[in-house]
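Peer 1: Before anything else, here's the structure in question.
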Amino acid sequence: MIKRAWWKEAVVYQIYPRSFMDSNGDGIGDLKGITSRLDYLKELGIDVIWLSPVYQSPNDDNGYDISDYQAIMQEFGTMEDFDEMLAEAHRRGIRIVMDLVVNHTSDEHRWFVESRKSVDSPKRDYYIWRKGKGDGQPPNNWGSCFSGSAWQYDDATDMYYLHLFSKKQPDLNWDNSAVREEVFSMMDWWCQKGIDGFRMDVISMISKTADMPDGKVGEGGIYGDFGPYCIHGSNVHRYLKEMNEKVLSHYDLMTVGETSGVTVEEALKYAGEEEHELNMVFQFEHVDLGNVNGKWNRNPVPLTEFKKVMSKWQTCLKGKAWNSLFLGNHDQPRSVSRFGNDSPKYRELSAKMLATCLHMMQGTPYVYQGEELGMTNYPFTDIGQFRDIENLNAYRELVTESRLWEEKELISCFQYKSRDNARTPMQWDDTENAGFSTGTPWIGVNPNYKEINAKEQVGNPDSVFRYYQKLIALRKEQPIIVYGDYELLMPEDASVYAYIRRLDGQSLLVLCNFSSEEKEADVPAQFFGKGAEVLISNYGRDSADGIGKLRPYEAAAILLETP
Ligand code: GLC
Ligand code: CA
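Residues 282 to 844 in our numbering are what the sequence shown spells out, letter by letter.
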């Protein structure tokens with residue numbers, strides 16, 4: 282029997298504050314903007330907001346480079362604005378989970394400013410410093426996630442510091458107990474304020490191996506892979522247990538770790554019911570499908586592979602740990618463009634189908650802002666339209682400097698995969714700038730906002746928004762959706778994703794056609810005829826008759842009162 286918990290029954294909505302709602306016309310989303318839209322989220326029915334970083338930051342990586350963990354980014358407002366937002370969310374029964382970015386700080390954080398001054402600085406050991414190999418060579422060949430070497434030379438002491446992300450994001454040294462104590466007391470400060478949990482940024486990377494050998498260079502690559510030496514490092518579980526004991530266990534929180542590269546076996550350590558680390562982790566196997574030598578490609582995701590990955594996580598964590606369910610976030614392209622079909626004909630149907638497929642699984646679903654509207658990728662054509670450091674650096678390294686890539690080819694991969702696809706402003710209505718801002722938005726608004734926007738969808742009973750609202754409501758009514766077992770049907774079928782959930786003498790059949798053609802589904806006989814109740818259908822089906830024939834992108838969930 283699975284232990285009940287509020288965060289297992291909750292639906293989370295992720296807000297990327299810079300792009301959500303601008304209250305003062307400077308083109309940048311802010312906290313007052315969020316507060317002004319809480320009623321919209323209440324109407325959608327979500328329980329928890331995961332707030333991407335709102336702390337003081339020079340914004341090299343849009344807030345994932347923090348210079349003060351206990352201050353609010355000026356562009357986003359003040360601490361009073363934060364307190365008001367938190368109180369207003371709580372008043373509506375909505376919890377707020379903060380983004381905890383503690384693998385690294387900004388290079389403008391006072392710890393780093395102090396650390397880089399001299400080898401004797403009291404904060405020297407807060408970061409990871411090494412001597413170069415001589416001849417201007419860094420300590421090893423590791424590449425950063427945002428292109429270039431993972432090491433930055435620093436004049437003041439003639440040494441290099443490690444940054445797995447941008448050079449303005451130096452990695453903290455978690456082996457130093459003073460660093461851990463600082464982080465824990467900062468977390469405690471936020472908990473005292475009344476926040477409801479943490480999403481922990483690249484938390485799988487906080488423990489690095491002591492010796493740092495060169496990493497393997499992939500085909501056509503320039504730098505070595507730091508993965509084996511920095512991901513799921515030898516002390517990561519020790520540090521998380523310590524964090525749990527010293528902070529997390531003192532409060533009623535929801536915690537989710539971003540753990541890229543995580544396997545089921547590792548996930549059971551991070552999120553195992555008896556491990557006292559985290560509630561759940563984000564795994565990335567399904568969104569990384571199709572990748573070879575990194576993410577810049579346009580490879581489609583074969584449905585059979587997708588089903589295999591999702592089903593593995595559904596069955597292997599069962600009763601032992603808890604899944605987080607997502608198709609999109611601020612680091613991924615728009616889910617309907619990646620996994621569905623964003624053509625005018627099929628956008629709505631396929632967005633609803635994807636939502637059905639995900640929300641009927643076991644785990645806590647995460648909705649990324651605008652996903653509930655079926656927002657799509659942006660029609661990028663030119664490097665000047667991108668804001669993301671990942672794209673700008675990759676372009677410089679692969680096109681401008683090395684000419685390893687044709688410009689057209691790389692932009693075409695960016696169109697498909699850029700994180701900026703998810704970061705264009707939320708589309709609120711059909712007025713200028715989609716109602717996001719009265720000023721000039723910091724990044725382009727998707728030109729399709731006149732057709733795709735919240736105002737239209739809230740008023741339209743058949744909209745993607747209304748469909749999400751129904752899916753979220755169903756989760757509150759039907760324990761089988763939260764706690765039922767999962768079994769995959771028709772694993773080899775390349776177009777239909779079909780599975781059954783079971784709980785206490787009930788079964789729930791979920792059928793999703795991932796293709797633009799009509800498809801036959803091999804539906805177990807008991808689901809035909811009377812007694813089978815259609816819980817939700819994106820074609821407005823009210824009976825299960827003929828459910829064996831699925832129309833393009835059709836999805837349905839059917840409940841039966843027998844096992
Ligand atoms: C995580 C964040 C991403 C950020 C990176 C560095 O992957 O989700 O947006 O760029 O960590 O903090
Ligand atoms: Ca603003």
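Glycine included, every Cβ here is placed at the ideal spot set by N, Cα and C.
Could you check whether the Cβ of I309 sits closer than 7 angstroms to any heavy atom belonging to ligand 2?
Peer 2: yes
Peer 1: Do D506 and ligand 3 come close, with the Cβ less than 7 angstroms from some heavy atom?
Peer 2: In terms of ligand content, the structure shown lacks ligand 3 and carries ligand 1 and ligand 2 instead.
Peer 1: Between the alpha carbons of Q849 and G829, how many angstroms are there, rounded?
Peer 2: One cannot answer for residue 849 here, as it falls past the ends of the chain, which runs 282 to 844.
Peer 1: Out of F446, N343, P403, which has the shortest C-alpha to C-alpha gap to S428?
Peer 2: F446
Peer 1: Report the three-state DSSP secondary structure of R376 (helix, strand or coil).
Peer 2: strand
Peer 1: Below 7 angstroms, is the gap between the Cβ of N714 and the nearest heavy atom of ligand 2?
Peer 2: In terms of side-chain proximity, the C-beta atom of N714 is found no nearer than 7 angstroms to any non-hydrogen atom of ligand 2.
Peer 1: Can you tell me which of K576, K736, Y297, G571 puts its alpha carbon nearest to the alpha carbon of L654?
Peer 2: Of the listed residues, the one whose Cα sits closest to L654 is K736.
Peer 1: In terms of DSSP beta bridges, what is T645 paired with?
Peer 2: S605
Peer 1: If we ignore side chains and look at the alpha-carbon of each, how far apart do Q650 and I296 end up?
Peer 2: 6 angstroms
Peer 1: Confirm, please, whether the CB-CB distance from V545 to K474 is below 8 angstroms.
Peer 2: Contact: no.
Peer 1: Within the same chain, show all residues whose beta-carbon is closer than 7 angstroms to that of G314, passing over the 5 residues directly before and after it, in chain order.
Peer 2: F301, M302, D303, S304
Peer 1: Could you tell me how far apart the beta carbons of L584 and Y767 are, in whole angstroms, since I believe they sit closer than 8 angstroms?
Peer 2: Actually they are not in contact, since the Cβ atoms of L584 and Y767 sit about 17 angstroms apart, beyond 8 angstroms.
Peer 1: Which class does A491 belong to by DSSP, given the choice of helix, strand or coil?
Peer 2: coil
Peer 1: With a cut-off of 8 angstroms on the beta carbons, I'd call I375 and L332 a contact; round off their distance for me.
Peer 2: Approximately 11 angstroms separates the beta-carbon atoms of I375 and L332; this is outside 8 angstroms, ruling out the contact.
Peer 1: Answer with buried or exposed for T324, where buried requires no fewer than 16 other C-beta atoms within 10 angstroms of its C-beta.
Peer 2: Thr is not the amino acid found at residue 324; the sequence shown has Glu there. Around the beta carbon of E324, fewer than 16 other beta carbons lie within 10 angstroms, which makes this residue exposed.
Peer 1: For D477, count the other beta carbons within 10 Å of its own beta carbon; 16 or more makes it buried, fewer makes it exposed. Which is it?
Peer 2: buried
Peer 1: Of the residues V292, I327, M366, which one's Cα is nearest the Cα of L317?
Peer 2: The identity of residue 317 in the sequence shown is Ser, whereas the question assumes Leu. Per the Cα distances, M366.
Peer 1: With burial defined as no fewer than 16 other Cβ atoms inside 10 Å of the residue's Cβ, what is the status of K497: buried or exposed?
Peer 2: exposed
Peer 1: How many angstroms separate the CA atom of W288 from the CA atom of V329?
Peer 2: 9 angstroms
Peer 1: For D631, which residues from the same chain have a beta carbon less than 7 angstroms from its beta carbon, with the 5 sequence-adjacent residues on both sides left out?
Peer 2: Correcting the residue type first, residue 631 is Ser in the shown sequence and not Asp. Closer than 7 angstroms at Cβ, skipping near neighbours: V617, G621, N622, Y834.
Peer 1: Can you list the residues near ligand 1, meaning Cβ strictly closer than 5 angstroms to any non-hydrogen atom, in the order they appear in the chain?
Peer 2: D342, Y345, F446, D482, V483, D612
Peer 1: For the alpha helix (DSSP H) that contains Q473, what are its first and last residues?
Peer 2: 458-474
Peer 1: Hey, would you say the C-beta of N340 is under 7 angstroms away from at least one heavy atom of ligand 2?
Peer 2: no
Peer 1: Can we count D362 as close to ligand 2, meaning its CB is less than 7 angstroms from some heavy atom?
Peer 2: no
Peer 1: Is it the case that the stretch 556-576 contacts the stretch 587-607, given that we only count it when at least three CB pairs across the two stretches are under 8 angstroms?
Peer 2: yes
Peer 1: Alpha carbon to alpha carbon, what distance is there between A431 and K626?
Peer 2: 45 angstroms
Peer 1: Could you tell me the boundaries of the alpha helix (DSSP H) in which G478 lies?
Peer 2: It is not in any alpha helix (DSSP H) - G478 instead sits in the beta strand (DSSP E) that spans 478-481.
Peer 1: Are the Cβ atoms of I761 and L790 separated by less than 8 angstroms?
Peer 2: no
Peer 1: Ordered along the chain, which non-local residues of its own chain (more than five positions away) have a Cβ less than 7 angstroms from that of N525?
Peer 2: H557, E558
Peer 1: D303: beta carbon under 7 angstroms from a heavy atom of ligand 2?
Peer 2: True, at least one ligand heavy atom lies under 7 angstroms from that Cβ.
Peer 1: Mind listing, in chain order, the continuous beta strand (DSSP E) runs of no fewer than 3 residues lying wholly within the stretch 761-805?
Peer 2: The beta strand (DSSP E) runs of length 3 or more contained entirely in the stretch 761-805 are, from start to end of the chain, 766-770, 777-784, 787-794.
Peer 1: Can you tell me where the beta strand (DSSP E) holding Y350 begins and where it ends?
Peer 2: 349-353
Peer 1: Tell me whether W709 is buried or exposed, calling it buried when 16 or more other Cβ atoms sit within 10 Å of its Cβ.
Peer 2: Of the other Cβ atoms in all chains shown, 16 or more fall within 10 Å of the Cβ of W709; this residue is therefore buried.
Peer 1: Could you pull out every residue in the same chain whose Cβ sits closer than 6 angstroms to the Cβ of S396, ignoring the five residues on either side in sequence?
Peer 2: S402, K404, R405, Y407, Y408
Peer 1: Does the separation of the CB atoms of A459 and M634 fall below 8 angstroms?
Peer 2: no
Peer 1: So S776 and K800 are in contact, right, with Cβ under 8 angstroms, and what is the actual spacing, rounded?
Peer 2: Contact flag correct, Cβ pair sits at about 5 angstroms.
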